[in-house]
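>
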Amino acid sequence: MLRQTSFLKTRASFKLLGCLNCSSLTLCRSNLTRKQCLISGLRQKVTAATVKEEPFMNGTSTVYIEQMYEAWRQSPASVHPSWNAYFQNVERSLPPGQAYSAPPKGLASYSISSAVAPTVGLESTLNISEQIIDEHLKVQLLIRSYQTRGHNIANLDPLGINNVGLSDVKPAELDPAFYGLTDAHMDKEFLLPMSTFIGGNKKSLKLKDIINRLKAIYCSSTGVEYMHLTNFEQLEWVRKKFEEPSASELTHEQKKTLFKRLIRSTKFEEFLAKKWPSEKRFGLEGCEVLIPAAKQVIDASSTAGVDSIVIGMPHRGRLNMLANVCRQPLSVILSQFSTLEPADEGSGDVKYHLGTSLERLNRVSGKNIRIAVVANPSHLEAVDPIVLGKVRAESFYNGDQNGDRTMAILLHGDAAFSGQGVVMETFNLNDLKAYTTHGTIHLVVNNQIGFTTDPRCSRSSPYCTDIGRVVGCPIFHVNSDDPEAVMHVCNVAADWRRTFKKDVIIDLVCYRRYGHNELDEPMFTQPLMYQRIRKTKPVLSIYQKQILAENVVNEQYVEDEVTKYNTVLENAYQEAQKVTYLRHRDWIDSPWDTFFKKRDPLKIPTTGVAKETISHIIEKFSSVPADFNLHRGLDRILKGRRLMFQDNSFDWAMGEAVAFGSLLLEGTHVRLSGQDVERGTFSHRHHVLHDQQVDQKTYNPLDNLSDKQAEYSISNSSLSEFAILGFELGYSMVEPNSLVIWEAQFGDFSNNAQCITDQFLSSGQSKWIRQSGLVMSLPHGYEGMGPEHSSARLERFLQMCNEDDEIDVEHTAFGPTFEAQQLYDTNWIVVHCTTPSNFCHLLRRQVAMPFRKPLIIMSPKSLLRHPLARSPIEDFLPETKFCRVIPEKGSASENADSVERLIFCTGKVYYDLVSARKHLNLDSQVAICRVEQISPFPYDLIEEECLKYGKAELIWAQEEHKNMGAWGFVHPRLATLIVKQGRLLKYSGRKPSASAATGNKYTHYVELKSLLADALNVRKADLDEFIGG
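Take any residue in the sequence shown, count from 1 to its spot, add 246: that is its number in my numbering.
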């Protein structure tokens, strides 16, 4: 009813045509202006030729009245005869409703003179015109309904069981009867509106032909969703790609190529099933068309200039993709099925998680192309942002600003695509300036099932691809058993990405011939579906029958091609049998071969910076251009930076600036991203300054140090941890000579990205021989701010370190290479710095190391402005370096034998201990040693301190609760050093807790007083004045 009411209102607006006074181009019975008469969204400007061919009774012609009148005034012959008659009658002052005269029926030609000033039948003529307008409008609405809802009744399911949109109800608006169109209208000719291309060169079609063409386009093997697009140019582009006649036809050679690719895809899986029937391989049976689809996207993109493609995908079909798209040697793939000992480093991964990177010739485009498949765990969709980060980095280093040469292809499963939140987080990056990759092509392998879960239980939206409607990208649903339709949508998708640099989704509606894996029994949960699957022929058989019937190939051709590929497989199998060991390095997805050459892995260079360089950095860091309108508060901050330089007292922001600035001047690209990093969560950084009078005018001092410096990229991110951390990890994998940092708004927010830290960052080198120098900066510290803004969960990162908690002291050489060897062996580095200079050296060491390891920093909050957390310039100069341990430097160190307590600690609690020690006059009795690098554990330096203070009681003090922080990591390691000395390590800190921190300020101070009293061996009451309660 609502649709019909809307339709009647629209029809009423068309009746205004009869009230137009075209001599003045005003509406005699309406207050509407000329501009309001025009229908929005015109596809093109009207030319004289189109005006001449535009008959009066075209329902869309109302938008041309003004142009037609102006054209008629210049040349009456330039418009259609019916318009010429109308304007002549208007000029003779006939009432507007009587000015129109319909052409006599049955005449081949229309005489202008006979149409002027009609004297009879005016009322009946007007009624006829309204009826024609009404019918044309109905046809236009029918066409639009097919464009909008045709996909709902498309033949998408190769099994013929389900409606992919989860509804078997045919939309009423797709029925001509909904508009009052009957069989009597089917042979009537209707003018086609501007909003369709189904006519080709024809401007009118019979209604039955219109409907047949619309069904063939929108309701056959392809369902097109694009009417949600808000950009008219993009909408028209998609419409034209599908509606133009013969748009999807393939040549005989293209059909042969498609057939050969289907042979490879199908026979590869059959071969593996025959040779290893009891092995999990997550084969592609049921969606064999994926391989031709991916290759078609790559062919079209390569032809358009793309020379690097990064692919992210789940496990289903990965081996087939590696074999037939990337062209990883078949013998290397087949050897993964053998039980062989690995010949190189790493723990390895199962074969259907592996990635690779290869360069090969694309035979269609005739160009070389690099294809990388990024290694991925079983955590579906987790790889998505990593792929985009890798693509973004490749584009950056290659100067490919518009993504013309580098592209991402992401493969998805239907259940994961609609179920995993990281998908939406990743889509959201598409148009963000610092994260865009200028369009990704998404291929959804729509099994119509998620493991054992029915689609009706796995999503609330009609399609698994409905996320595309949210972000405004076109969605092409296609029946995977119609390979030619698949090829067409792949070509359109590649062309869309090239043209508009936006995401596009291809929904390959298919099935899974076996269970979740080859050993699974799907009949337990989907009996009817799998009864149908058993009766369904593979797509290769279906297409083979089709092209034989079309005489594209003959039986001999088919037999030859199948035999040829089977021979290739058998030869590869024989080669694989000769392999005696596995090489993990065959599966590196981001190789850095040249980086490791001529580097000594056991030498860590010093990281000091020349005084002149520091002076130059601070000068730039504390100034702005003369025409820049700076906020008064920021003006004070910049003056404060200059004053700190003069006073030789650098705070944390200055230390960071020296690290970034010196690396940039040395040619090292620095990228920092995260939520609010430009200003800094705690308003300490201010690397991007905003003009107070000119909108969006900014200035980045560290990106304006020198004309020859590397680029400094700093960007506030979307409110996402999972996708952004994954993106930066992917970015860090491309170029080792860079410093890539992700900073959390608060450290505890990083647990939203725990999948990235667990599955990729901590274990990536072990599983996939993939190194990364990514830095995670996690604000951490107990200041009474509550359980969600205190702890970055240091204990979790330490738990994932690969270092043994026992060491054989007698047989371990703590020599000059011990530090480098530890760093080389570790899976990542965990630190908690206490000085700006050490923080600066840490960041510079991250680039200076001859290898790459992820770096986890417990970064400060209150220490950013703490008066004691300062460093003199001497601590930054050449010959200085990162201090893994900062020993006691006060009076206690001068008389070590009289020291009663040696306290080891890390992070902010050091300053609490130092202040309390001074308050209690215990400087000579208590030594405090800071462990700046917690992992790898600095056994050598810790041992030195223990031996130095041989009579002291050993304490580990921390502000975290006992079941958190570094205690669980430090205790067994330090114990191995002191066990033969007959000494024990005692704990001083908060008691175990389920919550990371208290939310009550009073309780916070009570806990702090308790841990300080325990660590310093005094009464709590002795600290009453120090803490104030």
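By construction, the Cβ of each residue, glycine as well, lies at the ideal position given by its N, Cα and C atoms. In this text, all values refer to a predicted model and were calculated from it rather than measured experimentally.
Spatial neighbours of P773 within its chain, please: C-beta separation below 6 Å, excluding the five flanking residues on both sides.
What you label residue 773 is simply residue 527 of the sequence shown in a count that begins at 1. Closer than 6 Å at the Cβ level, and outside the excluded window around P773, lies no residue.
> In the DSSP assignment, find the alpha helix (DSSP H) that holds Y803 and state where it starts and stops.
Here residue 803 refers to the residue found at position 557 of the sequence shown. Y803 -> alpha helix (DSSP H) spans 801–823.
> Taking the Cβ atom as the reference point for each residue, do N398 and G411 lie within a distance shorter than 8 Å?
The residue given as residue 398 occupies position 152 in the sequence shown. The residue given as residue 411 occupies position 165 in the sequence shown. Yes.
> Should K1135 go down as buried or exposed, given a rule of 16 or more other Cβ atoms within 10 Å for buried?
Reading the sequence shown from its first residue, position 889 is the one you call residue 1135. It counts as exposed.
> Using the Cβ count rule (16 or more neighbours within 10 Å means buried), how would you classify L1020?
Translated into the one-based positions of the sequence shown, residue 1020 becomes position 774. Counting Cβ neighbours within 10 Å, L1020 comes out buried, since at least 16 surround it.
> Taking the beta carbon of F1150 as the centre, do at least 16 other beta carbons fall within 10 Å, making it buried, or is it exposed?
Translated into positions along the sequence shown, residue 1150 becomes position 904. Buried is the call here.
> How would you write the range of the beta strand (DSSP E) that E605 sits in, first residue to last?
Counting from one through the sequence shown, the residue named residue 605 turns up at place 359. Start and end: 602–608.
> Mind reading off the beta-carbon distance from R638 to T686? Whole number of angstroms is fine, and I expect it under 8 Å.
On the sequence shown, residue 638 is found 392 positions in, with the first residue counted as 1. On the sequence shown, residue 686 is found 440 positions in, with the first residue counted as 1. About 11 Å separates the two Cβ atoms, so there is no contact after all.
> I think A1115 touches T1152, with their Cβ atoms under 8 Å apart; what is that distance to the nearest whole Å?
As a working mapping, residue 1115 is identified with position 869 in the sequence shown. As a working mapping, residue 1152 is identified with position 906 in the sequence shown. About 14 Å separates the two Cβ atoms, so there is no contact after all.
> Taking the alpha helix (DSSP H) that E479 falls in, what are its first and last residues?
Mapped onto the sequence shown, residue 479 falls at position 233. Segment 478–489, the alpha helix (DSSP H) holding E479.
> Which residue or residues does DSSP assign as beta-bridge partners of T944?
For this step, residue 944 is matched to residue 698 along the sequence shown. BP columns for T944 point to H936.
> Using the rule of at least 16 other Cβ atoms within 10 Å of the residue's Cβ for burial, across every protein chain shown, is Y464 buried or exposed?
By 1-based counting over the sequence shown, the position of residue 464 is 218. Its Cβ being crowded by 16 or more others within 10 Å, Y464 is buried.
> Considering R1147, what are the terminal residues of the beta strand (DSSP E) in which it resides?
The sequence position of residue 1147 within the sequence shown is 901, counting from 1. Per DSSP, R1147 belongs to the beta strand (DSSP E) from 1147–1151.
> To the nearest angstrom, report how far apart H1026 and S1037 are at their CA atoms.
Start at 1 with the first residue of the sequence shown, and residue 1026 comes out as number 780. Start at 1 with the first residue of the sequence shown, and residue 1037 comes out as number 791. Those two C-alpha atoms are separated by around 5 Å.
> Unbroken beta strand (DSSP E) runs of length 3 or more, entirely within the region 1218–1256: which are they?
For the region 1218–1256, whole beta strand (DSSP E) runs of length 3 or above, ordered along the chain, are 1231–1236.
> Going by C-alpha to C-alpha distance, which of E902, D873, R564, F867 sits closest to K885?
Along the sequence shown, read from residue 1 onward, the residue named residue 885 stands at position 639. Closest by alpha carbon: F867.
> Relative to the alpha-carbon of A856, which residue among S664, I864, K791 has its alpha-carbon at the smallest distance?
One-based indexing of the sequence shown puts residue 856 at position 610. Residue I864 is the option with its Cα nearest to A856.
> I'd like to know whether the C-beta atoms of G469 and G396 end up nearer to each other than 8 Å.
Walking along the sequence shown from the start, residue 469 turns up at place 223. Walking along the sequence shown from the start, residue 396 turns up at place 150. Yes, Cβ-Cβ distance for G469 and G396 is below 8 Å.
> Return helix, strand or coil for F722, following the three-state DSSP convention.
Here residue 722 is taken as the residue at index 476 of the sequence shown, counted from 1. In this structure, F722 counts as strand in the three-state DSSP scheme.
> Tell me which residue opens and which closes the alpha helix (DSSP H) that I1174 is part of.
Residue mapping note: residue 1174 aligns to position 928 of the sequence shown, counting from 1. From DSSP, I1174 is part of no alpha helix (DSSP H) but of the beta strand (DSSP E) over 1172–1177.
> Taking the straight line between their C-alpha atoms, what separation do you get for A317 and S324?
Taking the first residue of the sequence shown as position 1, residue 317 is located at position 71. Taking the first residue of the sequence shown as position 1, residue 324 is located at position 78. Their Cα atoms are separated by approximately 7 Å.
> Please identify the residue among I695, C710, V717 whose C-alpha is closest to the C-alpha of D677.
Residue numbering aside, residue 677 sits at position 431 when the sequence shown is read from its first letter. The candidate whose alpha carbon is nearest that of D677 is V717.
> Quick check: the region 1074–1093 against the region 837–846, are at least 3 beta-carbon pairs closer than 8 Å?
No: the two stretches stay apart, fewer than three of their Cβ pairs being nearer than 8 Å.
> Suppose you measure from the CA of G563 to the CA of G696; what does that come to, to the nearest Å?
Indexing the sequence shown from 1 puts residue 563 at position 317. Indexing the sequence shown from 1 puts residue 696 at position 450. Each residue's alpha carbon lies about 15 Å from the other.
> Does the beta-carbon of S787 have 16 or more other beta-carbons within 10 angstroms, so that it is buried, or is it exposed?
If you number the sequence shown from 1, residue 787 lands on position 541. The residue in question, S787, is exposed, as its Cβ has fewer than 16 Cβ neighbours within 10 Å.
> Which runs of the alpha helix (DSSP H) spanning at least 4 residues fall entirely within the region 418–483, listed in chain order?
Taking only runs of at least 4 residues, the alpha helix (DSSP H) segments lying wholly in the region 418–483 are 453–464.
> Please report how far the alpha carbon of N674 lies from the alpha carbon of A1162, in whole angstroms.
Looking up residue 674 in the sequence shown gives position 428. Looking up residue 1162 in the sequence shown gives position 916. So the alpha carbons of these two residues sit roughly 49 Å apart.
> Figure out for me which residue from N477, N622, G667, P851 has the closest Cα to the Cα of S836.
For the purposes of this step, residue 836 is identified with residue 590 of the sequence shown, where counting begins at 1. Comparing Cα positions, the closest option is N622.
> DSSP on V230, reduced to helix/strand/coil?
This structure cannot settle anything about residue 230, because the visible part of the chain is limited to 247 through 1275.
> Judging by CA-CA distance, which residue of E981, L453, G761, H431 is the nearest neighbour of L530?
One-based indexing of the sequence shown puts residue 530 at position 284. That would be G761, whose Cα lies nearest to the Cα of L530.
> Less than 6 Å between C-beta atoms, sequence neighbours within five positions excluded: which residues of the same chain meet that for N875?
In the sequence shown, counting from the first residue as 1, residue 875 sits at position 629. If we look at N875 and ignore the five residues flanking it on each side, its Cβ neighbours are D937, Q938, Q939.
> Applying the 10 Å Cβ sphere with the 16-neighbour rule, what's the burial state of D941?
Working through the sequence shown from its first residue, we reach residue 941 at position 695. By the 10 Å Cβ count, D941 comes out exposed.
> Straight-line CA distance for P1218 to G1228?
Start at 1 with the first residue of the sequence shown, and residue 1218 comes out as number 972. Start at 1 with the first residue of the sequence shown, and residue 1228 comes out as number 982. Taking the straight line joining both Cα atoms gives about 15 Å.
> In chain order, what residues of the same chain lie with their CB nearer than 6 Å to the CB of D753, ignoring the 5 residues before and after it?
As a position in the sequence shown, residue 753 is number 507, starting the count at 1. Hits under 6 Å: V690, N692, T711, H723.
> As a quick exercise: from I617, I632, G594, pick the residue whose alpha carbon is nearest that of E605.
Along the sequence shown, read from residue 1 onward, the residue named residue 605 stands at position 359. Here the closest residue by C-alpha is I617.
> Provide the residue span of the beta strand (DSSP E) that contains Q1204, from first to last.
Reading the sequence shown from its first residue, position 958 is the one you call residue 1204. Looking at the DSSP string, the run of the beta strand (DSSP E) that includes Q1204 is 1199–1207.
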